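Chemist: Per our numbering, the sequence shown runs over residues 592 to 775. Here a beta-carbon is modelled for each residue, glycine too, at the ideal position from N, C-alpha and C. Model, not experiment: these values are computed from the prediction. Below you will find the structure I want to go over with you.
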Amino acid sequence: MTQIIFDAAVTLNGFLADENHSLQWLFDVPGAGEPDPGLLPQNVGVHVEGANTYLWVLEHENLMAEPARWQELYGAKPTYVFTHRQLPIPDGANVKLLSGSVAEHLPELRRAAGEADIWVLGGGELLGQFLDINALDRLALTIAPATLAGGAALLPRTIGSEKLELTEARQAGPFARLVYRVKP
Ligand SMILES: NC(=O)c1ccc[n+]([C@@H]2O[C@H](COP(=O)([O-])OP(=O)(O)OC[C@H]3O[C@@H](n4cnc5c(N)ncnc54)[C@H](OP(=O)(O)O)[C@@H]3O)[C@@H](O)[C@H]2O)c1
Numbered sequence: 592m593t594q595i596i597f598d599a600a601v602t603l604n605g606f607l608a609d610e611n612h613s614l615q616w617l618f619d620v621p622g623a624g625e626p627d628p629g630l631l632p633q634n635v636g637v638h639v640e641g642a643n644t645y646l647w648v649l650e651h652e653n654l655m656a657e658p659a660r661w662q663e664l665y666g667a668k669p670t671y672v673f674t675h676r677q678l679p680i681p682d683g684a685n686v687k688l689l690s691g692s693v694a695e696h697l698p699e700l701r702r703a704a705g706e707a708d709i710w711v712l713g714g715g716e717l718l719g720q721f722l723d724i725n726a727l728d729r730l731a732l733t734i735a736p737a738t739l740a741g742g743a744a745l746l747p748r749t750i751g752s753e754k755l756e757l758t759e760a761r762q763a764g765p766f767a768r769l770v771y772r773v774k775p
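The following block contains the structure:
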């Protein structure tokens with residue numbers, strides 16, 4: 592059955608990115624270039640992300656100028672981007688722009704995923720919208736040994752401990768890996 596998963600790297604003090612949406616703090620961790628493949632969701636059929644996550648990847652990977660690289664990174668899997676803007680899409684990339692509530696788009700996301708999982712890549716506001724409607728099944732964090740003075744918060748919400756059950760805690764090289772089941 593399809594699981595809806597949030598899985599992201601985060602600083603020790605709970606930021607997903609710096610003020611410029613950059614993940615440089617993550618790339619600077621020694622060993623981050625050879626990530627443990629077991630850290631990534633294994634059965635993903637659909638990616639879901641916010642506008643800034645998408646725009647940062649487009650720029651960082653130079654995907655508008657080199658659109659074939661999109662297929663190298665994501666294959667034919669659909670990426671759904673929540674945005675109020677008409678964002679650019681690399682030629683041939685399976686990207687769909689959505690706006691409105693997560694609830695109204697959930698049936699389409701589930702249809703597109705088939706038997707596979709839905710990976711919510713970020714950011715925190717979009718994650719919060721999935722939690723608001725009890726649509727998230729798993730929250731997985733790879734915690735880096737680095738802090739930021741400010742930036743994009745992991746989860747700008749209040750979530751009580753009654754909602755989260757710790758199912759995994761382990762070391763992954765320089766990172767700490769925590770996985771929670773989100774209780775219905
Ligand atoms: N560390 C990691 O592994 C990781 C992973 C993913 C993301 N990040 C970082 O997280 C930060 C925040 O990401 P984000 O800004 O993409 O996501 P976000 O903070 O969850 O969402 C903010 C933007 O997404 C759009 N959006 C969200 N919900 C929407 C809705 N229901 N309808 C229409 N548009 C909606 C809006 O775009 P518009 O401005 O177009 O209205 C909004 O400005 C970024 O800095 C990113 O780099 C880090």
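Are Phe721 and Val686 close, meaning C-beta to C-beta below 8 Å?
Modeler: Result no, Cβ atoms of Phe721 and Val686 do not sit closer than 8 Å.
Chemist: Across the segment 762–772 and the segment 614–627, are there enough close Cβ pairs to call them in contact, namely three or more that are closer than 8 Å?
Modeler: Touching, per the Cβ criterion.
Chemist: Going by alpha carbons, who is nearest to Ala735 out of Arg729, Leu745, Asp728 and Leu727?
Modeler: Cα-wise, what sits closest to Ala735 is Leu745.
Chemist: Assuming Gly636 is part of the beta strand (DSSP E), what are its boundary residues?
Modeler: Its beta strand (DSSP E) spans residues Val635 to Gly641.
Chemist: Rounded to the nearest angstrom, what separates Leu631 and Glu756 at their Cα positions?
Modeler: Those two C-alpha atoms are separated by around 20 Å.
Chemist: Where does His651 land, buried or exposed, given buried means 16+ other C-beta within 10 angstroms?
Modeler: Classification of His651: exposed, given that the 10 Å Cβ count is below 16.
Chemist: Expressed to the nearest angstrom, what Euclidean distance is found between the alpha-carbon atoms of Arg676 and Leu649?
Modeler: Approximately 15 Å between the Cα atoms of the pair.
Chemist: Is there at least one non-hydrogen atom of ligand 1 closer than 7 Å to the beta-carbon of Gly741?
Modeler: No - ligand 1 has no heavy atom lying nearer than 7 Å to the Cβ of Gly741.
Chemist: Just reading off the beta strand (DSSP E) that Gly713 is part of, what are its end residues?
Modeler: Unbroken beta strand (DSSP E) run through Gly713: Asp708 to Gly713.
Chemist: Mapping the DSSP letters down to three states, classify Leu654 as helix, strand or coil.
Modeler: If DSSP states are grouped into helix, strand and coil, Leu654 belongs with coil.
Chemist: Report yes if the C-beta distance between Gly719 and Ala743 is below 8 Å; otherwise report no.
Modeler: Contact: no.
Chemist: May I ask you to report which of helix, strand or coil DSSP gives Leu689?
Modeler: Strand.
Chemist: In terms of alpha-carbon separation, which member of Trp661, Asn604, Gly636 and Gly705 lies closest to Tyr645?
Modeler: When only C-alpha atoms are compared, the closest one is Trp661.
Chemist: What number of angstroms, rounded off, separates the C-alpha of Glu753 from the C-alpha of Ala599?
Modeler: Taking the straight line from one Cα to the other gives about 22 Å.
Chemist: Does Glu695 pass the burial test, meaning 16 or more other C-beta atoms within 10 Å, or should it be called exposed?
Modeler: Label assigned to Glu695: exposed.
Chemist: When DSSP labels each residue in this structure, what does Ala659 get in the three-state scheme?
Modeler: Ala659: helix per DSSP, three-state reduction.
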